[in-house]
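Chemist:
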Amino acid sequence: MNEIIIELEEISPKEFFGAQNTNIELLKKYFPKLKIVARGNKVKAFGDEELLEEFDHRINMLLKHFAKYNKIDENTIERVLTSQSSDDYNTSEQSGEVIVHGVGGKLIRAQTANQRKLVENVRKNDMVFAIGPAGTGKTYTGVALAVQALKNKEVKRIILTRPAVEAGENLGFLPGDLKEKLDPYMQPLYDALRDMIPAEKLAHYIENGTIQIAPLAFMRGRTLDNAFVILDEGQNTTHAQMKMFLTRMGKNAKFLLTGDPGQIDLPRRTISGLKEALLILKNVEGVGIIFLDDKDVIRHRLVKKVIEAYKSIENRE
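Heads up: the sequence shown begins at 1 in the numbering used here, then just goes up one per residue.
#1: Give the DSSP bridge partners of N2, in chain order.
#2: Express the C-alpha separation of G221 and P267 in angstroms, rounding to a whole number.
#3: Comparing alpha-carbon positions, which option in G47, I11, S12 lies nearest N2?
#4: Which residues mark the beginning and the end of the beta strand (DSSP E) in which P198 is found?
#5: Quickly, what does DSSP pair A214 with across the bridge? List them, please.
#6: Taking all protein chains shown into account, do 16 or more other C-beta atoms lie within 10 angstroms of the C-beta of P198, making it buried, or fewer, making it exposed?
#7: Across which residues does DSSP place R58 in a beta bridge pair?
#8: Could you check the C-alpha separation between L62 and I77 for me, to the nearest Å?
#9: For K305, which three-state DSSP category applies?
#10: If I measure Cβ to Cβ from L26 and keep anything under 7 Å in the same chain, skipping five residues before and after, which residues do I get?
#11: Ignore the nearest five residues each way along the sequence and tell me which others in N41's own chain have a CB closer than 7 Å to its CB.
#12: Looking only at DSSP bridge pairs, what is A130 linked to?
#13: What does the alpha-carbon distance come out to for the pair A227 and T270?
#14: Roughly how many angstroms separate the alpha carbons of S95 and L107, rounded to a whole number?
#15: At the level of alpha carbons, what is the spacing between L256 and T112?
#16: In its own chain, which residues sit with a C-beta less than 7 Å from the C-beta of A146, not counting the 5 before and 5 after it?
#17: State yes or no: is the C-beta of N114 nearer than 7 Å to some heavy atom of the ligand SAM?
#18: Name, in chain order, the residues that DSSP records as bridge partners for M249.
#19: Put V284 into one of helix, strand or coil per three-state DSSP.
#20: T258 and P163: beta carbons closer than 8 Å?
#21: Beta-carbon within less than 7 Å of Q241's beta-carbon, same chain only, minus the 5 sequence neighbours each way: which residues are those?
#22: Tell me K320's beta-bridge partners as DSSP assigns them.
#23: So, at 6 Å on beta carbons, what are the nonlocal neighbours of I213 in its own chain, with the 5 sequence-adjacent residues on each side left out?
#24: On a Cα-Cα basis, can you pick out the residue from D56, D294, A19, K201 that is closest to K138?
#25: State the Cα-Cα distance for the pair G250 and N125, rounded to the nearest angstrom.
#26: Roughly how many whole angstroms lie between the Cα atoms of I307 and F129?
#27: For L81, which residues from the same chain have a beta carbon less than 6 Å from its beta carbon, with the 5 sequence-adjacent residues on both sides left out?
#28: Out of L246, I4, K304, which one is the CA nearest neighbour of E53?
#29: From M244, N70, N21, K35, pick the residue whose C-alpha is nearest to that of A277; which is it?
#30: Classify R39 as buried or exposed, calling it buried when 16 or more other Cβ atoms lie within 10 Å of its own Cβ.
#31: Which one of G135, R248, T247 has the shortest CA to CA distance from K305?
#32: With H, G and I counted as helix, E and B as strand and the rest as coil, what does DSSP make of V143?
#33: Of the residues K282, K275, N152, G262, which one's Cα is nearest the Cα of S312?
Below is the structure:
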């Protein structure tokens, strides 16, 4: 009797097999003449060679679908197993400007006009500044574009960084080692990634360095090539930090810098590296600048009102 073994790499067997192996049971119904066994992270099939080739082809279509959309269900399995080609079953999912399919099949797309401009700018330019208040989706959209580039093999790694500016707190007095002290500053980046990459796969990417999340100080001396690099909270960089970061750019790199000039936590009389860079680089070819505003706020409706209220005070000052 012939046999094939298919190993699941970077895919959660539990999610792929389904609750109580429901997806495997469905496969068995479509291939009644094969003996199919799922154990650990492997699927074994025994039977006629011709049937095994067809099974191998179909299960690989399912694996590609799962890798792309992070979900698989009964309808998908039936479409894949009865389709003539991969194009027959995925056209409905490809409609619309979806940046990436997140965890549980969540569709992550640019939701406002300025977010769509941000996406266009990143595609046209290797360095882009996304400027706007809190909640406008600067970082979230940027992380989605980075994940898309990684999935499409346009880059080999994602590097996410923030200046670890102490907003009224002193790192030295926080408990724990350096990582534990710095992780709270990096949390928004982790949160965005968790929406877009399944937990096991994300842990694997972080462990092998495909995704790196680190404070800006850790970028010194590096050349960042074949990477999608995001500098978040750029308004809290100094002149020296911003110059250091911008000159890290290597070959085949995309740099996205986000920030809100209205939320600077630097010491008084310290010039924001972001504000300075916007003035210096505004006419440089290959550098894109996109401004988002309160119309792009996609958090709770009150966030927009809070921004407007503070703007009226700041304008009077």
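Backbone N, C-alpha and C define an ideal beta-carbon position, used for all residues, glycine too.
Modeler: By the coordinates alone:
#1: Sequence index remark: in the sequence shown, residue 2 carries index 2 (1-based). Answer by DSSP bridge pairing, in chain order: G47.
#2: Here residue 267 is taken as the residue at index 267 of the sequence shown, counted from 1. Here residue 221 is taken as the residue at index 221 of the sequence shown, counted from 1. Cα to Cα, the separation comes out at about 25 Å.
#3: For the purposes of this step, residue 2 is identified with residue 2 of the sequence shown, where counting begins at 1. For N2, the nearest C-alpha among the options comes from G47.
#4: Along the sequence shown, one-based indexing puts residue 198 at 198. In the DSSP assignment, P198 falls outside any beta strand (DSSP E) and carries neither an H nor an E.
#5: Indexing the sequence shown from 1 puts residue 214 at position 214. Secondary-structure assignment with DSSP links A214 through a beta bridge to T161.
#6: Counting from one through the sequence shown, the residue named residue 198 turns up at place 198. Within 10 angstroms of the beta-carbon of P198 lie 16 or more other beta-carbons, which makes it buried.
#7: Here residue 58 corresponds to residue number 58 of the sequence shown, with the count starting at 1. Answer is none; R58 lacks a bridge partner.
#8: Here residue 62 corresponds to residue number 62 of the sequence shown, with the count starting at 1. Here residue 77 corresponds to residue number 77 of the sequence shown, with the count starting at 1. For the pair L62 and I77, the Cα-to-Cα distance works out to about 7 Å.
#9: If you number the sequence shown from 1, residue 305 lands on position 305. In the structure shown, K305 adopts helical secondary structure according to DSSP, grouped into three states.
#10: Along the sequence shown, read from residue 1 onward, the residue named residue 26 stands at position 26. E74, I77.
#11: Within the sequence shown, residue 41 is the residue found at index 41, counting from 1. The beta carbon of N41 sits closer than 7 Å to those of E7, L8, P13, all from its chain and outside the five residues before and after it, given in chain order.
#12: Counted from its first residue, the sequence shown places residue 130 at position 130. For A130, which the question treats as bridged, DSSP gives the partners T258, I290.
#13: As a working mapping, residue 227 is identified with position 227 in the sequence shown. As a working mapping, residue 270 is identified with position 270 in the sequence shown. In a straight line, the C-alpha of A227 is about 30 Å away from that of T270.
#14: Stepping through the sequence shown from its first residue, residue 95 is reached at position 95. Stepping through the sequence shown from its first residue, residue 107 is reached at position 107. Caution is warranted here: a pLDDT of 33 is assigned to S95, below 50, making its placement in the model unreliable, and the coordinate value is therefore given only provisionally. As the crow flies, the alpha-carbon of S95 is around 11 Å from that of L107.
#15: Here residue 256 is taken as the residue at index 256 of the sequence shown, counted from 1. Here residue 112 is taken as the residue at index 112 of the sequence shown, counted from 1. The alpha-carbon atoms of L256 and T112 are separated by roughly 18 Å.
#16: Taking the sequence shown and counting its residues from 1, one reaches residue 146 at position 146. Hits under 7 Å: I158, F228, I230.
#17: This structure simply doesn't include the ligand SAM, nor any ligand for that matter.
#18: Counted from its first residue, the sequence shown places residue 249 at position 249. L224.
#19: If you number the sequence shown from 1, residue 284 lands on position 284. Coil, per DSSP.
#20: Along the sequence shown, read from residue 1 onward, the residue named residue 258 stands at position 258. Along the sequence shown, read from residue 1 onward, the residue named residue 163 stands at position 163. Cβ atoms of T258 and P163: not closer than 8 Å.
#21: Position 241 of the sequence shown, counted from the start, is the residue given in the question as residue 241. Sequence-distant Cβ neighbours of Q241 in its own chain, meaning closer than 7 Å and more than five residues away, are P163, L216, G273.
#22: Coverage of the chain is limited to positions 1 through 317, which leaves residue 320 absent and any answer about it impossible.
#23: As a first step, residue 213 must be located in the sequence shown, where it is residue number 213. L160, M186, L189, listed in sequence order.
#24: Along the sequence shown, one-based indexing puts residue 138 at 138. Nearest C-alpha to K138 among D56, D294, A19, K201: D294.
#25: Working through the sequence shown from its first residue, we reach residue 250 at position 250. Working through the sequence shown from its first residue, we reach residue 125 at position 125. In this structure, the CA atom of G250 is about 14 Å from the CA atom of N125.
#26: For the purposes of this step, residue 307 is identified with residue 307 of the sequence shown, where counting begins at 1. For the purposes of this step, residue 129 is identified with residue 129 of the sequence shown, where counting begins at 1. Approximately 21 Å between the Cα atoms of the pair.
#27: Stepping through the sequence shown from its first residue, residue 81 is reached at position 81. Short of 6 Å from the beta carbon of L81, and not among the five residues preceding or following it, lie these beta carbons of its own chain, in chain order: Y30, R58.
#28: To locate residue 53, count along the sequence shown from 1; it is residue 53. Of L246, I4, K304, the residue nearest in Cα terms is I4.
#29: Counted from its first residue, the sequence shown places residue 277 at position 277. If we check each option's Cα against that of A277, M244 comes out closest.
#30: Mapped onto the sequence shown, residue 39 falls at position 39. Around the beta carbon of R39, a 10 Å sphere encloses fewer than 16 other beta carbons of the protein chains shown; the residue is thus reported as exposed.
#31: Here the question's residue 305 lines up with position 305 in the sequence shown. Measuring from the Cα of K305, the nearest candidate turns out to be G135.
#32: Position 143 of the sequence shown holds residue 143. If DSSP states are grouped into helix, strand and coil, V143 belongs with the helices.
#33: By one-based count along the sequence shown, residue 312 stands at place 312. With distances taken between Cα atoms, S312 lies closest to G262.
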